[in-house]
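J.: Going line by line, the protein sequences match chains A and B. Here the first sequence is numbered in UniProt numbering, starting from 1 and rising by one per residue. Here the second sequence is numbered in UniProt numbering, starting from 1 and rising by one per residue. Note that beta-carbon positions come from the ideal geometry of N, C-alpha and C, so glycine has one too. What follows is a structure written as structure tokens; I'll ask about it next.
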Amino acid sequence: MTVSRILGKTVLYLAAFSAVFPMVWTAINAFKNRVDIVTPTPLFIFTPTLDNFAYVLGRESVAAGLVNSLLAAGGSVLIGALLGLPAAYAIARYPNRWSADIQFFVLSLRFLPPVAVAIPLMVIWLDLGFYDTLTALIATYTLLTLATVIWLGVPAFARVPKEVEEAARVDGYGPYAVFLLIALPIAMRSLIGAVAFAFVLVWNEFLIALMLTTSDAKTLPIVASELTQLGRDVPWGILNASVVLLSIPPLLLIGILSGLLNNAFRRKSN
Amino acid sequence: MTSRTRLPTIFLAPPLLILAALAFVPTAYAVYISFRNRELSRPDGSFVGLANYIDLFSDRRFVNAVGVSLTWELVTVTLTLLVAVALGILLFEFASARQRAVLTLVFLVPVILPRVSAAFVWKFAFHPLYGIVTYPYKAITGQPLDLLSNPATALMTVALVDVWQWGLFFAVIVLKLLETLPPQPFEAARLDHARPWEIYLYVALPMLKAPLISLTFIKMIESLRAFDLIYVMTRGGPGITTETLDMYAFSQGFIESGRISYASGMAVLMMLATTVIFTVIWKRVKP
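Here it is as structure tokens:
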């Protein structure tokens, strides 16, 4: 019993180590000079430098990518939330004979291989003159955010006790007031999780951004991946720094996202 | 609740119209250009009927890509679920409530990372000269270990990163699922002197059959999004050993020849295959 316990815990700790260490190692390398990275033996003790971050943050392409990423993710998430939350509420509270079909349609959008959507969209945006613009990127990402917000919003609204809404109705609230003043605030915690998830999806998105942009509207993942493709004399420190920069926003949201996960399962357990 | 109000129409119509437009217009357009011979450099092109599709089936690189994609699906889905179930059970069996809370957060880190980041982090870790994962091998044998340039190991090495991201995440979900089970069957089995592994194999996992099938289904869908990892780690190489369908469609449409119509043909076939297969599975899983 104790042997299996020790073994089991060891495996768990090894898995936890593997989850965190690669990123930690990348972060450590981001503070190294190139000579300390390109060593026959990995170095744990070295003189740290801020040059890599200074270089990355000072580069125009990175700054532009950061702004584009923020605008593309922010814009599409905003539209997704403004349109998606009411839709999710309507599906959760006013079921009709198409509700199941609507939910399946929203889910089935995820079945589409991204490349299959990106190729025709690239041609469409080219023909319309919107290729390589943030407008095209935000419109395309809205497909992603809207579907995600609806998909995760329906269970969040369904968990709001019906009695509360009915009591509000008795007090003379109209259907829109019930949504805005009662359901929305009560479901807010789960809804923030849904919106945060949509943000992370778009922030991390790569293939569509790669195909729909060439210079003006490039997002941060594209800029970072271009840095990773540099030829000889690879500036490893700069690479590590740009990857760290790219990974910070999603990692900041990890608490909210794990809260979303907890909520989703708390409902089933009672 | 069902008093007459136009709220459902007002709330549902605009977003559904937008979703439908964003989904169906590109789909229809992909079908349309796949019947033409449009290229990136020439805006027009003419109707060529099924020529692109006929070419695809005699294109050995396409056949190779189908094989790589199927292997990728099989390997990543199977390994992810095995890792998830194993770690989920270990979490449930051996971790205290506090440890569970901490490990849950830790196990979510890989899947939250942008795939470009995950791909780069591991690409560097597997670097034959400076990588920290390959270092022990190099130190012991004196030979560099180049897993990503070896045709025999490249795909599996990239798959490892995918399993690292999703297996740990799904382990958390398996733990949450186990936590929702009633304790009585466990106690009954324990009274019957069942060994722990027997309890999980014959009691707990069968009770979780439906959610585990759903997880498999989700992973099958998410495994279609292999592009980012492969693009950053191998670009389809060495040769074409890690060239999945999306990678091949991308390189046909952009990098090599700009044959948009040919790439669209591939896109249409992929859409057809995934939509049909996943719809059939979904309808079976969720009656």
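#1: Can you look up Arg159(A) in the DSSP assignment and give me helix, strand or coil?
#2: Measure the alpha-carbon distance for Ser261(B) versus Leu78(A) and round it to whole angstroms.
#3: So, at 7 angstroms on beta carbons, what are the nonlocal neighbours of Pro26(B) in its own chain, with the 5 sequence-adjacent residues on each side left out?
#4: Identify the contact partners of Leu145(B) in chain A, using a Cβ-Cβ distance below 8 angstroms as the criterion.
#5: For a contact defined as C-beta to C-beta under 8 angstroms, what are the partners of Asn96(A) on chain B?
#6: On the DSSP bridge assignment, give the partners of Phe47(B) in chain order.
#7: Taking Val161(B) as the reference, give the member of Phe250(B), Leu147(B), Ala267(B) with the closest Cα.
#8: Helix, strand or coil for Arg235(B), going by three-state DSSP, please let me know.
#9: How about Arg189(A) and Asn263(A): are their beta carbons less than 9 angstroms apart?
#10: Out of Leu261(A), Ile256(A), Leu83(A), Asn29(A), point me to the one whose CA is closest to Phe120(B)'s CA.
#11: Provide the residue span of the alpha helix (DSSP H) that contains Phe254(B), from first to last.
#12: Does chain B have any CB closer than 9 angstroms to the CB of Ile37(A)?
#13: Name the chain A residues that come within less than 7 angstroms of Gly253(B), Cβ to Cβ?
#14: Keeping to the same chain, check which residues put their C-beta closer than 8 angstroms to that of Thr275(B); ignore five residues upstream and five downstream.
#15: Does any residue of chain A bring its CB to less than 9 angstroms from the CB of Ala51(B)?
#16: Find out if the Cβ-Cβ distance for the pair Leu155(B), Thr241(B) is shorter than 9 angstroms.
#17: What do you reckon, is the C-beta of Ile150(A) under 8 angstroms from a heavy atom of the ligand NAD?
#18: Taking all protein chains shown into account, decide if Gly193(A) is buried (16 or more other Cβ within 10 angstroms of its Cβ) or exposed.
#19: Would you call the CB atoms of Val168(A) and Ala177(A) closer than 9 angstroms?
#20: What did DSSP end up calling Val133(B) once you bin it into helix, strand or coil?
#21: With distance defined between alpha-carbon atoms, name the residue in Glu256(B), Ala263(B), Gly258(B) nearest to Leu245(B).
#22: In chain order, what residues of the stretch 168 to 199 of chain B put their CB closer than 8 angstroms to some CB of chain A?
#23: Taking the beta carbon of Leu43(A) as the centre, do at least 16 other beta carbons fall within 10 Å, making it buried, or is it exposed?
#24: Quick check: what's the CA-CA separation for Gly265(B) versus Val31(B)?
#25: Is it the case that the stretch 103 to 119 of chain A contacts the stretch 53 to 61 of chain A, given that we only count it when at least three CB pairs across the two stretches are under 8 angstroms?
#26: What are the start and end residues of each continuous alpha helix (DSSP H) run of 4 or more residues lying completely inside the stretch 84 to 126 of chain A, in chain order?
#27: To the nearest angstrom, how far is the alpha carbon of Ser269(A) from that of Lys176(B)?
#28: Looking at the structure shown, is Thr135(A) part of a helix, part of a strand, or coil, going by DSSP?
#29: Between Pro182(B) and Val203(B), which are expected to be in contact by the criterion C-beta below 8 angstroms, what is the C-beta distance as a whole number of angstroms?
#30: Alpha carbon to alpha carbon, how far is Arg98(B) from Leu91(B)?
#31: Within 10 angstroms of its Cβ, does Asp36(A) collect 16 or more other Cβ (buried), or is it exposed?
#32: Residue range of the alpha helix (DSSP H) that Gly237(A) falls in?
#33: I'd like the span of the alpha helix (DSSP H) that includes Leu189(A), first residue to last.
#34: Using 8 angstroms as the cut-off, can you tell me whether the stretch 140 to 152 of chain A makes contact with the stretch 252 to 260 of chain B, which would need three or more C-beta pairs spanning the two stretches below that distance?
#35: When we look at the beta-carbon of Pro250(A) and count the other beta-carbons within 10 Å, is it buried (16 or more) or exposed?
#36: Could you give the distance in angstroms between the alpha-carbon of His127(B) and the alpha-carbon of Gly236(B)?
T.: This is what the structure holds:
#1: coil
#2: 34 angstroms
#3: none
#4: Within chain A, no residue comes near Leu145(B); the closest Cβ sits about 14 angstroms away, beyond 8 angstroms.
#5: Pro8
#6: Arg36(B)
#7: Leu147(B)
#8: coil
#9: yes
#10: Asn29(A)
#11: Segment: none, Phe254(B) is in no alpha helix (DSSP H) and carries neither H nor E.
#12: yes
#13: Ile119
#14: none
#15: no
#16: yes
#17: Absence of the ligand NAD is noted for the structure shown, with no ligands found whatsoever.
#18: buried
#19: Checking the displayed sequence, the identity of residue 168(A) turns out to be Ala instead of Val. In contact: Ala168(A) and Ala177(A) (Cβ atoms closer than 9 angstroms).
#20: coil
#21: Ala263(B)
#22: Leu168, Ala171, Val172, Ile173, Lys176, Leu177, Glu179, Thr180, Pro196
#23: exposed
#24: 7 angstroms
#25: no
#26: 99 to 108
#27: Interpretation of Ser269(A) is limited by its pLDDT of 44, a score under 50 that renders its predicted location unreliable; no figure is taken from the coordinates.
#28: helix
#29: The Cβ separation is near 11 angstroms, so there is no contact.
#30: 11 angstroms
#31: buried
#32: 236 to 252
#33: Just to set this straight, residue 189(A) is Arg in the shown sequence, not Leu. Note, Arg189(A): alpha helix (DSSP H), 184 to 204.
#34: no
#35: buried
#36: 17 angstroms
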